[in-house]
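Per my numbering, the sequence shown starts with residue -12, numbered consecutively.
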Amino acid sequence: MKKLLNGIEVAYTDEGTGLPVVFIHGFPLARTAWARQIAEFRTSNRVIAVDLPGFGESGPPAGPMPMAGYADTIGHLLGHLGTGPVALAGHSMGGYIALAFANAHPEMLKGLALVSTRPGPDTPEGAQARRATAQKVGESGPGLVIDAMAPKMVSDPAMIPDVRTIMSSATRDGIIAALLGMADRPDCTDPLPKLKLPVWVVSGDHDALIPHAESERMAKLIPGATLSLIPGAGHLVALEKPVEFNSSLAEWLKTLDRGA
Ligand code: MLT
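So this is what it looks like as C-alpha cells:
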C-alpha cells in the first residue's frame, strides 16, 4: 500500500488485527528486512512495516532527513491508519527514529522495541565520515554504501546475498538523506530514564556495527527495560535469527497485552 504524506509517497504493509506492531527498518534497508516478523505476527497482531523515504518502494525525500523527520512521517502514517497507540520496533537507524518518535509522540506508544541500536549521536569524526560518504554517493551512486554495509549486517556470510537484495532498492537520494540525517542526529541518552513505558532492548552477540555492550548500557538507563541477547546473530538480528527473535518479541508483546 502507498500513501502520500508530506509530499512523499510512503509504501507500507498493513496486515492482521490486534495490538498494532510497527516495524521501522535500518540503513540502507527496506521493510522486506522484517519479512519473517510480518509473516509471524500478522496472525496475532496488526503488523505495519514502513519503507522510509528513498528506500524500498517509497518515494524520495526532498532533502536531508533528520530522525525527527522520519518520526513525523511515521506519526502521519499512524494517524492516517487510525491505529491508536502501538508497539514500535526500530532496528538500528530505525531505533534512532523510534527514540525520536518516543520523545515527540509518547501518547502514541504502548511499548518500544529497540533492536541493535544506540541512543548516542555520531562522534565528530563519524559524522564527518558520513558526510564524506554522502558526497561520494552523490557522485557515484549507492553501490559503495551497499558494498560496505552488506557484509557487516550478518554474521553468516551465506546470508549476504539476501541482505544485498533488500538493499538493492535503496536510492541515491534516500541514502544521502539518511546519512546526512544520522550525522546530525541529537543525543537521545538523557530522555531514557524518563521513558514511562515497556521497553525491549535486543541485539545479537555477533553484531559488528553496534556491539551488544551498547544495548546493555542503554537498557540499564531505562526503568524496567527487558534486555535480550540473541546468540549467533549479527547486526540484522531479526533477519538472521528470526525464530529466536520472534519468540522473544512474542514474549514481550504478551506483557503489553497483560498491561492493556
Ligand atoms: C543501520 O543498520 O541502520 C546502520 O548501521 C545505522 C548506522 O549507520 O548508524
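C-beta: ideal position from N, C-alpha, C; glycine also.
Buried or exposed for residue i, please, with buried defined as at least 16 other CB atoms from any protein chain shown within 10 angstroms of its CB.
i: LYS228; result: buried
i: GLY77; result: buried
i: LYS207; result: exposed
i: ALA247; result: Because the pLDDT of ALA247 is 47, which lies under 50, any placement of that residue in the model is unreliable, and the number read from its coordinates should be weighed accordingly. That one is exposed.
i: PRO129; result: buried
i: ASP244; result: exposed
i: PRO111; result: exposed
i: HIS67; result: exposed
According to DSSP, what are the bridge partners of residue i?
i: LYS(-10); result: VAL(-3)
i: PRO129; result: Note: PRO129 sits in no beta bridge, so no partner.
i: HIS78; result: VAL102
i: SER190; result: LEU216
i: PHE10; result: ALA36, ALA76
i: GLU2; result: VAL34
i: LEU96; result: VAL73
Do residue j and residue i come within 9 Å of each other at the CB atom, strictly closer than that value?
i: ASP109; j: ARG172; result: yes
i: PHE14; j: MET95; result: no
i: LYS(-10); j: GLU44; result: no
i: LEU223; j: VAL189; result: no
i: THR19; j: ILE153; result: yes
i: VAL8; j: GLN24; result: yes
i: ALA87; j: CYS175; result: yes
i: PRO178; j: ASN90; result: yes
i: ASP70; j: ILE35; result: Reading off the sequence shown, one finds Thr at residue 70, where the question assumed Asp. Yes. Within cutoff.
Please look up how many angstroms separate the CB atoms of residue i and residue j, rounded, as I've assumed it's under 8 Å.
i: GLY249; j: PRO53; result: Residue 249 falls outside the range modelled here, since the chain spans only -12 to 247, and no answer is possible.
So does residue i have its beta carbon nearer than 8 Å to some heavy atom of ligand 1?
i: GLY103; result: First, the residue type needs correcting, since residue 103 is Ser and not Gly in the sequence shown. Yes, the beta carbon of SER103 sits closer than 8 Å to at least one heavy atom of ligand 1.
i: ILE197; result: yes
i: GLY13; result: yes
i: SER127; result: no
i: GLY136; result: Before going further, note that residue 136 is Met rather than Gly in the sequence given. It does: the Cβ of MET136 is within 8 Å (strictly closer) of some heavy atom of ligand 1.
i: TYR83; result: yes
i: HIS92; result: no
i: MET54; result: no
i: MET169; result: yes
i: HIS193; result: no
Shorter than 8 Å, the distance from the beta carbon of residue i to the closest heavy atom of ligand 3, or not?
i: HIS63; result: Ligands in the displayed structure: ligand 1; ligand 3 is not one of them.
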